[in-house]
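Numbering (my numbering), first residue to last: 3 to 381. Have a look at the structure below before the remarks.
Pasting the structure below:
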């Protein structure tokens with residue numbers, strides 16, 4: 003389906019008990035108008051989206067048409083204002099007709115549930131009455147709060163979910179969030195019960211795929227002989243509000259190198275200097291914040307000694323993030339480059355919803371990230 007050919011209905015507020023009736027009414031009203039082909043109700047899953055403010059729900063809502071164009075779903079948008087005075091839950095029905103070409107059309111539904119204050123505790127019960135029973139359920143935890151710190155609400159919303167999506171990119175307390183989430187991941191995937199399959203996915207890990215691919219190729223022994231086992235220091239520079247993506251990249255590198263963290267020196271809002279034990283001796287990895295740079299990873303420098311000299315590879319984004327390049331430092335060598343397609347949030351989410359396989363490297367990287375977080379908290 004394409005988000006460019008979508009006909010949307012006007013949002014209709016109805017009592018919660020009449021939501022299904024209203025969606026059926028809107029589907030029937032769209033059938034076969036002006037000689038058009040019948041519309042087919044499209045849905046690969048139930049998609050529950052939790053937002054902890056009306057502003058966030060409005061922002062995420064703008065991406066929903068593009069998400070369901072990639073992954074058709076019944077969308078249940080939860081707009082929760084936790085600190086507002088309690089009010090009853092309200093429901094708004096919003097339907098979309100997607101043109102499929104050759105006269106074919108697909109019909110998808112969105113229900114927005116708004117809750118204020120403690121009324122949010124009733125959202126899981128409202129959700130259960132609206133999910134389509136024979137479809138898998140995905141929960142997108144869109145709130146900036148780590149899911150591990152969400153308490154009973156996250157537990158209740160994810161009780162019957164096969165997949166939980168979250169995004170660590172903007173977590174306000176990275177060390178605490180990572181420590182808690184690593185433990186929660188294990189509990190979530192192991193508590194499925196009755197043989198059910200469950201997976202949790204971090205969108206930040208998906209964003210790092212081009213960086214992992216480029217660095218993996220550059221450090222391959224056939225490309226840089228002797229470098230992989232001789233690395234002595236790593237520096238990762240990132241822009242504001244991007245420490246978590248740099249942290250995740252640092253964790254993956256430590257995992258690949260087999261380094262064991264033994265301590266950390268922290269300059270708040272400036273840099274983290276991790277110390278590692280390795281068979282070749284102590285090593286350092288620095289994650290540094292660049293206050294005047296764009297968001298995201300801005301530079302990675304990997305250095306190692308050879309023949310009495312320090313050699314280094316430097317990687318950074320170029321051409322408005324359209325490609326990544328890596329080149330030996332201090333040389334005129336032609337950079338190794340990797341084209342990077344800019345993926346908006348909607349495409350990241352849409353593709354992750356259809357990717358339900360557990361990634362063992364992700365889980366192992368999270369375990370390393372937890373150890374890095376504990377060293378930061380201990381410092």
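Backbone N, C-alpha and C define an ideal beta-carbon position, used for all residues, glycine too. Please read all numbers here as calculations on a predicted model, not as lab measurements.
Measure the CB-CB distance between residue 131 and residue 74 and report whether it falls below 7 angstroms. The answer is no: Cβ separation not under 7 angstroms.
Just checking my contact of residue 191 with residue 200 at CB under 8 angstroms: how many whole Å lie between their CB atoms? Contact flag correct, Cβ pair sits at about 5 angstroms.
Cα-Cα separation, residue 217 to residue 322: Computed Cα separation, rounded: 19 angstroms.
Identity of the residue in 282, 309, 226 and 379 nearest residue 328 by Cα: Nearest Cα to residue 328 within the set 282, 309, 226 and 379: 226.
Alpha helix (DSSP H) runs contained entirely in the stretch 217 to 271, provided each spans 4 or more residues: Listed in chain order, the complete alpha helix (DSSP H) runs (minimum 4 residues) inside the stretch 217 to 271 are 245 to 259.
Using beta-carbon positions only, say whether residue 283 and residue 241 come within less than 7 angstroms of one another. It is not a contact, given that the beta carbons lie outside the stated cut-off.
At least three beta-carbon pairs within less than 8 angstroms, the stretch 48 to 65 to the stretch 331 to 345: Touching, no.
Cβ-Cβ separation, residue 96 to residue 112 (assumed contact under 8 angstroms), whole Å: Between residue 96 and residue 112 the Cβ distance is about 4 angstroms, and since that is below 8 angstroms, they are a contact.
When you compare only the Cα positions, how much space is there between residue 14 and residue 172? Distance between the alpha carbons of residue 14 and residue 172: 33 angstroms.
Candidates 375, 349, 364 and 365, of which the one nearest residue 72 by Cα: Relative to residue 72, the option among 375, 349, 364 and 365 whose CA is nearest is 349.
Beta carbon of residue 119, beta carbon of residue 87: below 7 angstroms? At the C-beta level, residue 119 and residue 87 come within 7 angstroms of one another.
At which residues does the alpha helix (DSSP H) containing residue 157 begin and terminate? Counting along the chain, the alpha helix (DSSP H) containing residue 157 begins and ends at 154 to 159.
Please classify residue 311: is it buried, with 16 or more other beta-carbons within 10 angstroms of its beta-carbon, or exposed? By the neighbour-count rule (16 or more Cβ atoms within 10 Å), residue 311 is not buried but exposed.
Would residue 46 and residue 77 be called neighbours here (beta carbons separated by less than 7 angstroms)? A distance of 7 angstroms or more separates the beta carbons of residue 46 and residue 77.
Note down, one range per segment and in chain order, each alpha helix (DSSP H) of at least 4 residues found wholly within the stretch 118 to 184. Listed in chain order, the alpha helix (DSSP H) elements of length 4 or more contained wholly in the stretch 118 to 184 are 125 to 130 and 154 to 159.
Let me check understanding here. Comparing Cα to Cα, which of 249, 230, 277 and 368 lies closest to residue 314? Between residue 314 and the set 249, 230, 277 and 368, the nearest pair of CA atoms involves 230.
Alpha carbon to alpha carbon, what distance is there between residue 346 and residue 183? Computed Cα separation, rounded: 25 angstroms.
Count the other C-beta atoms from every protein chain shown that fall within 10 angstroms of the C-beta of residue 122, then say buried if there are 16 or more, exposed otherwise. Classification of residue 122: buried, given that the 10 Å Cβ count is 16 or more.
Enumerate, from N- to C-terminal direction, the unbroken alpha helix (DSSP H) stretches of 4 or more residues contained entirely within the stretch 302 to 378. Segments of the alpha helix (DSSP H) lying fully in the stretch 302 to 378: 347 to 355.
Assuming residue 80 is part of the beta strand (DSSP E), what are its boundary residues? For residue 80, the uninterrupted beta strand (DSSP E) segment begins and ends at 75 to 83.
Between which two residues does the alpha helix (DSSP H) holding residue 23 run? Unbroken alpha helix (DSSP H) run through residue 23: 21 to 31.
Nearest-angstrom Cα distance between residue 159 and residue 70? Spanning the two alpha carbons is a distance of roughly 20 angstroms.
Looking at residue 377 and residue 248, is the spacing between their C-beta atoms short of 7 angstroms? It is not a contact, given that the beta carbons lie outside the stated cut-off.
Please list the terminal residues of the continuous beta strand (DSSP E) segment that includes residue 49. Note, residue 49: beta strand (DSSP E), 47 to 53.
Compute the Euclidean distance between the alpha carbons of residue 262 and residue 368, then round it to the nearest angstrom. Using only the alpha carbons, I get a separation of about 14 angstroms.
Alpha-carbon to alpha-carbon, residue 187 and residue 151: Distance between the alpha carbons of residue 151 and residue 187 is about 12 angstroms.
In chain order, what residues of the same chain lie with their CB nearer than 7 angstroms to the CB of residue 25, ignoring the 5 residues before and after it? If we look at residue 25 and ignore the five residues flanking it on each side, its Cβ neighbours are 95, 97 and 111.
Supposed contact pair residue 238 and residue 252 - C-beta distance, whole angstroms, cut 8 angstroms: Distance from residue 252 to residue 238 at the Cβ level is roughly 6 angstroms; contact confirmed, criterion being Cβ atoms closer than 8 angstroms.
Any idea what DSSP makes of residue 90, helix, strand or coil? The DSSP-derived three-state label of residue 90 is strand.
On a Cα-Cα basis, can you pick out the residue from 212, 236, 296 and 309 that is closest to residue 228? That would be 309, whose Cα lies nearest to the Cα of residue 228.
Could you check the C-alpha separation between residue 146 and residue 361 for me, to the nearest Å? So the two alpha carbons sit approximately 23 angstroms from each other.
Could you name the residues of the same chain whose beta carbon sits closer than 7 angstroms to that of residue 354, not counting the 5 residues immediately before and after it, in chain order? If we look at residue 354 and ignore the five residues flanking it on each side, its Cβ neighbours are 167, 203, 205 and 208.
According to DSSP, is residue 110 helix, strand or coil? Three-state result, residue 110: strand.
Tell whether a beta-carbon distance below 7 angstroms holds between residue 170 and residue 246. It is a contact, given that the beta carbons lie within the stated cut-off.
Could you check which residue in 116, 303 and 375 has the C-alpha nearest to that of residue 290? Taking each of 116, 303 and 375 in turn and checking the Cα distance to residue 290, the smallest one comes out for 303.
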